[in-house]
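Written out below as structure tokens is the structure these notes cover.
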Amino acid sequence: MNAGDAVVRKLVTFGRILREAGVEVGPGRVQDALRALDEIDMRRRDEVYAALACTLIARRDDLEIFDRAFRAWFEKDPTRLGGKAPDMGIGIDERPQPPAAAPRPGDSEDPEDQDEEQEEPDVLAAYSADERLRERDFSTLTRTELLRLRALMDRLVRVLPTRPSRRLELAPNGFQIAPRETLRRAMRREGEPVERAFRRKKRVERRVVFLCDVSGSMEPYSRALVLFLQAAVSAGRKVEAFTFGTRLTRLTPYLGGYDPEASLQRASRAVPDWAGGTRIGDAFKAFNDLYGRRGLTRGSVVVIVSDGWERGDVSQLALEMARLRRRCHSIIWVNPLKGTEGYEPLAAGMAAALPYVDVFLPGHNLIALESLAEALRASGGRRSSVRPATLRSAA
Amino acid sequence: MTINEMRDSIDGVQQALAERSYLADRGLATTVHLALKLGKPVLLEGEAGVGKTELAKVVADALGARLIRLQCYEGIDVAHALYDWAYARQMLYIRTLEATGDARQGEEVLDELFGPRFLERRPLLDAIACDDEVPPVLLIDEIDRADDEFEAFLLELLSDFQVTIPEIGTIKAERRPVVFLTSNRTRELHEALKRRCLYMWVEMPDLDREIAIVRARVPEAPERLAAQAAAFVHELRTLDLTKQPGIAETIDWTQALLALGQEEIEAGVVDLTLGSVLKFHEDIGRVRDADLQQIVERARSVADDTQIPAS
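Residue numbers (the working numbering), protein chains in the order written: chain A, 1 to 395; chain B, 1 to 311.
Put into structure tokens, the structure is as follows:
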């Protein structure tokens, strides 16, 4: 029993608090933190803070939680651990609806269960106006639809586009001599390089970024799409998924894992603006600023699923589409309305965005969604450097 | 400043960095100190231009160590990062041996062929096999650009600091290099890799610190100019820009203003030199729209209010 023990106990508890707040803190980390505390002046707040932060935390998003926890725990600051820590929804038992109750696309669901889920951490309360903060269960589809979707998902997951890698692989019809293999074969022939080996560029997956509109008008389609996003992400493919309505949500971290149902529930909890309004321009701006700038879209195929109903400023949408197009390999736009007869891209947002779109597809039913898989597979080739002038539309 | 002095105290680190015009805050200095003390790599994340790469350079300089830099890119592999055999020279060597009728035994020649002479060391092997008095500083830049497989490979390397080359054997670092990894967060790194590192998010500095940084980096600039330039860039960061200017831009810009013989900032010259601060056409347009004159005025008054810290 000495001062050291007290520090250990305090630190272990602190680790547990962080874990409860949703930060991954393994026992190894706590050990590192202990070692770090040995090396610094424990009386200095800034040093203790830095020592704990650099050992216990591994991503920027967790720093805020750390900051609050640090103040609450080590400084006994009564301003609590801050609202609710981001709830990833682990361990909450919420059975999905029985398949019999499947609503058809367009059905709105019970108005009753909208209100009870209004509480969200303050962070999310930035937008107001026409946004309806609520959570949705993605998994209310009929069994046949689900089966169909499963098959589709598997296909989609298999046909993701590729790009040439910098790495080379041995190939009889390669373009370059492979020295290592040539030399190895030469060994068999007394050092005479009779047989030459060739190599060529290996092809690796090209990243696909999905931007999925979850506003009211798009709701039934988005639900289907989120299902196969889940398949792609959990298969470990290079897929990034975002949803937007009135705000942008990165869905990828919630979609991983082996249990599709659990990850769908996590995802539906993570999307705050499900079936609300749309401000596509704002959402794309947020995307470009946050992710595009960091290079997420570089070289990737961007798939936008939206009906193009823009309630915000259309000129902003055009501007952001231009920015997006400059930073990605190609843009595929899936519009469910395109499936209806005599469709013209009249929605102002759609018209503004079209000049920047490489492939424009319908997406009103499953068959149409299959054409998305085709388009994706075909999109692996060379990037067209000019703005797509004529619009190809598959299917 | 030796490695031991830097290990001894956080003040020592802060001072050693400051002597090299790198003004680190207490948090950053603590992390560097811990990295030296615990022998762990540091993972630096932060906006472009906050001085992540620079930190590694300055630490290397302060330690009197060699800086070995590995720039990552998509598709980087062992042949680019660790070692490769000089095939062409090996082939030529064999031919030469034949032509001169060298009568040595095959085994002997083979040993020579796959010996240090024909081994091309790449940065990682360089860092491990380095036999300098002071262990080198290894900077693995923009690790997020490399692919997952490479990360897994690094993981192994960073825990043991040894590599095995089949033809030669295992090479182990006699003294562990000081490792810095930087990431721009284009993707999330693997948990396992992060676990081996100390994590540091590098923030944009506050105004006072930025003024101090500019003055340290551009000592020939007049105080007023440095303060106003830093204040102006701070004003820019409050605007909604595509790419926020980093510290590197502030320094560049101050140098540009100095080269033009400016003592203070004024709208006309600012407008002409905006290209040193903002690197996007849209951003330049946005700043001009937002009334440049006004921003300049604001920056000047903020700079006047700020007490200029002694350097």
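All C-beta atoms in this analysis are idealised placements derived from N, C-alpha and C, irrespective of residue type, glycine included. In this text the structure is predicted, and so the values were computed from the model without any measurement.
Hey, is Thr30(B)'s beta-carbon within less than 8 Å of any beta-carbon in chain A? Working through the second sequence from its first residue, we reach residue 30(B) at position 30. Yes - at least one Cβ of chain A is within 8 Å of the one on Thr30(B).
Straight-line Cα distance separating Ile140(B) from Thr53(B): By 1-based counting over the second sequence, the position of residue 53(B) is 53. By 1-based counting over the second sequence, the position of residue 140(B) is 140. Going by the C-alpha atoms only, they are around 9 Å apart.
Opposing strand residues paired with Pro362(A) [DSSP bridges]: Taking the first sequence and counting its residues from 1, the one referred to as residue 362(A) is at position 362. Per DSSP, Asn335(A).
Following a CB-centred definition, is Arg199(A) positioned closer than 7 Å to any heavy atom of the ligand GTP? In the structure shown, the ligand GTP is absent, as is every other ligand, since no ligand is present at all.
For a test of the three-state rule: what should DSSP assign to Phe280(B), helix, strand or coil? For this step, residue 280(B) is matched to residue 280 along the second sequence. Coil at Phe280(B), not helix or strand.
Would you mind sorting Leu272(B) into buried or exposed? The rule is 16 or more other CB atoms within 10 Å of its CB. For this step, residue 272(B) is matched to residue 272 along the second sequence. It is exposed - the Cβ of Leu272(B) has fewer than 16 other Cβ atoms within 10 Å.
Going by beta carbon distance, what residues of the same chain come within less than 7 Å of Met88(A), once the five residues before and after it are set aside? Taking the first residue of the first sequence as position 1, residue 88(A) is located at position 88. Reliability of the predicted coordinates at Met88(A) is poor, the pLDDT of 32 falling under 50, and the value obtained from them is presented with this limitation in mind. Taken in chain order, the residues that qualify are Gly22 and Arg266.
Go through the segment 2-88 of chain A residue by residue and report every complete run of the alpha helix (DSSP H) that reaches 4 residues or more, in order. 3-20, 27-38, 45-56 and 61-74
From the DSSP output, in three-state form, read off Asp122(A) for me. Within the first sequence, numbered from 1, the residue matching residue 122(A) stands at position 122. The predicted model places Asp122(A) with a pLDDT of 32, which falls under 50 and marks its position as unreliable; any figure quoted below should be read in that light. Correct three-state label for Asp122(A): helix.
At 8 Å on the CB atoms, spell out the chain A contacts of Gly75(B), in chain order. For the purposes of this step, residue 75(B) is taken as residue 75 along the second sequence, with counting starting at 1. Going along chain A in sequence order, the residues near Gly75(B) (Cβ under 8 Å) are Ser165, Arg166, Arg167 and Val204.
Run down chain A in chain order and give the residues with a C-beta less than 7 Å from the C-beta of Tyr199(B). Taking the second sequence and counting its residues from 1, the one referred to as residue 199(B) is at position 199. By Cβ distance, chain A contributes Cys54, Ile57 and Ala58.
Identity of the residues DSSP links to Val137(B) by a beta bridge: Mapped onto the second sequence, residue 137(B) falls at position 137. Paired residue(s): Leu67(B) and Val178(B).
Going by DSSP, which residues form a beta bridge with Asp200(B)? The sequence position of residue 200(B) within the second sequence is 200, counting from 1. In the sequence under discussion, the amino acid at residue 200(B) is Met, which differs from the Asp named in the question. DSSP, once it has assigned bridges, lists Leu44(B) as partnering Met200(B).
Do Ile265(B) and Ala229(B) count as a contact pair if the criterion is CB distance below 8 Å? Counting from one through the second sequence, the residue named residue 229(B) turns up at place 229. Counting from one through the second sequence, the residue named residue 265(B) turns up at place 265. Taking 8 Å as the Cβ cut-off, Ala229(B) and Ile265(B) qualify as a contacting pair.
Taking 8 Å as the threshold (beta carbon to beta carbon), is Ile140(B) in contact with chain A? Sequence index remark: in the second sequence, residue 140(B) carries index 140 (1-based). Chain A, which has no Cβ nearer than 8 Å to the Cβ of Ile140(B), makes this no.
Could you name the residues of the segment 278-293 of chain B whose beta carbon sits closer than 7 Å to any beta carbon of chain A, in the order they occur along the chain? none
Suppose you measure from the CA of Pro78(A) to the CA of Asp41(A); what does that come to, to the nearest Å? Against the first sequence, residue 78(A) aligns to sequence position 78. Against the first sequence, residue 41(A) aligns to sequence position 41. Because Pro78(A) sits at a pLDDT of 45, beneath the cut-off of 50, its placement in the model cannot be relied upon, and the following sentence gives the value as read from the coordinates. Computed Cα separation, rounded: 25 Å.
Given this structure, state the Cα-to-Cα distance separating Lys238(A) from Cys328(A), to the nearest angstrom. The residue you call residue 238(A) lines up with position 238 of the first sequence. The residue you call residue 328(A) lines up with position 328 of the first sequence. Between Lys238(A) and Cys328(A), the C-alpha separation is close to 15 Å.
Could you work out which residues of chain A lie near Tyr87(B), taking near to mean beta carbons separated by less than 8 Å? Taking the second sequence and counting its residues from 1, one reaches residue 87(B) at position 87. Here the neighbours are Pro179, Arg180 and Leu183.
So with Cβ pairs under 8 Å, would you call Ser139(A) a contact of chain B? Position 139 of the first sequence, counted from the first residue, corresponds to residue 139(A). Low confidence applies here, because Ser139(A) scores a pLDDT of 38, under 50, leaving its location unreliable and the question unanswered by this model.
Taking the Cβ atom as the reference point for each residue, do Arg279(A) and Arg325(A) lie within a distance shorter than 8 Å? Taking the first residue of the first sequence as 1, we reach residue 279(A) at position 279. Taking the first residue of the first sequence as 1, we reach residue 325(A) at position 325. No; because the gap between Cβ atoms is not below 8 Å, this pair is not in contact.
DSSP state of Pro105(A) mapped onto helix, strand, coil: Within the first sequence, numbered from 1, the residue matching residue 105(A) stands at position 105. Unreliable placement is indicated for Pro105(A), whose pLDDT of 39 sits below 50; no coordinate value is reported for it.
Examine chain A for any beta-carbon lying closer than 8 Å to the beta-carbon of Leu38(B), and answer yes or no. In the second sequence, the residue the question calls residue 38(B) occupies position 38. Closer than 8 Å to some Cβ of chain A, the Cβ of Leu38(B) qualifies, so yes.
Under 8 Å, Cβ to Cβ, is there at least one residue of chain A near Arg185(B)? If you number the second sequence from 1, residue 185(B) lands on position 185. True, the Cβ-Cβ gap to chain A drops below 8 Å.
For Arg293(A), return the contacting residues in chain B, with the cut-off set at a CB-CB distance below 8 Å. Counted from its first residue, the first sequence places residue 293(A) at position 293. By Cβ distance, chain B contributes Thr242 and Lys243.
With 16 other Cβ atoms within 10 Å as the buried cut-off, status of Ala103(B): Along the second sequence, one-based indexing puts residue 103(B) at 103. Classification of Ala103(B): exposed, given that the 10 Å Cβ count is below 16.
Identify the continuous alpha helix (DSSP H) that holds Pro253(A) and give its terminal residues. The residue you call residue 253(A) lines up with position 253 of the first sequence. From DSSP, the alpha helix (DSSP H) with Pro253(A) extends over Thr252 to Leu255.
Cβ shell of Ala186(A) (< 8 Å), same chain only, five flanking positions each side left out: In the first sequence, residue 186(A) corresponds to position 186, counting from 1. The answer, listed in chain order, is Glu192, Pro193, Val194 and Glu195.
Please report the Cβ distance between Pro177(B) and Leu138(B), rounded to the nearest whole angstrom; I am assuming they are in contact, meaning their Cβ atoms lie under 8 Å. Counting from 1 along the second sequence, the entry for residue 177(B) is found at position 177. Counting from 1 along the second sequence, the entry for residue 138(B) is found at position 138. So it is a contact: roughly 4 Å between Cβ atoms.
Beta carbon of Pro219(B) nearer than 8 Å to that of Arg175(B): Position 219 of the second sequence, counting from 1, holds the residue named residue 219(B). Position 175 of the second sequence, counting from 1, holds the residue named residue 175(B). Contact: no.
What residues in its chain sit with their C-beta under 6 Å from that of Val323(A), if we drop five residues either side in the sequence? Counting from one through the first sequence, the residue named residue 323(A) turns up at place 323. Note on residue identity: the sequence assigns Arg, not Val, to residue 323(A). The residues are Asn288.
Where Arg45(A) falls, given that 16 or more other Cβ within 10 Å makes a residue buried: By one-based count along the first sequence, residue 45(A) stands at place 45. Classification of Arg45(A): exposed, given that the 10 Å Cβ count is below 16.
Using beta carbons (cut-off 8 Å, strictly below), is Gly27(B) in contact with chain A? The residue you call residue 27(B) lines up with position 27 of the second sequence. Chain A, which has a Cβ nearer than 8 Å to the Cβ of Gly27(B), makes this yes.
Grab me the residues of Glu263(B)'s own chain with a C-beta within less than 8 Å of its C-beta, minus the 5 sequence neighbours each way, in chain order. Position 263 of the second sequence holds residue 263(B). Excluding sequence neighbours, Glu263(B) sits near Pro222, Arg224 and Leu225.
Buried or exposed, going by whether 16 or more other CB atoms sit within 10 Å of the CB of Asp32(A)? Numbered from its first residue, the first sequence carries residue 32(A) at position 32. Asp32(A) should be labelled buried.
At the level of alpha carbons, what is the spacing between Ala353(A) and Leu67(B)? Along the first sequence, read from residue 1 onward, the residue named residue 353(A) stands at position 353. Along the second sequence, read from residue 1 onward, the residue named residue 67(B) stands at position 67. Each residue's Cα considered, the two are about 48 Å apart.
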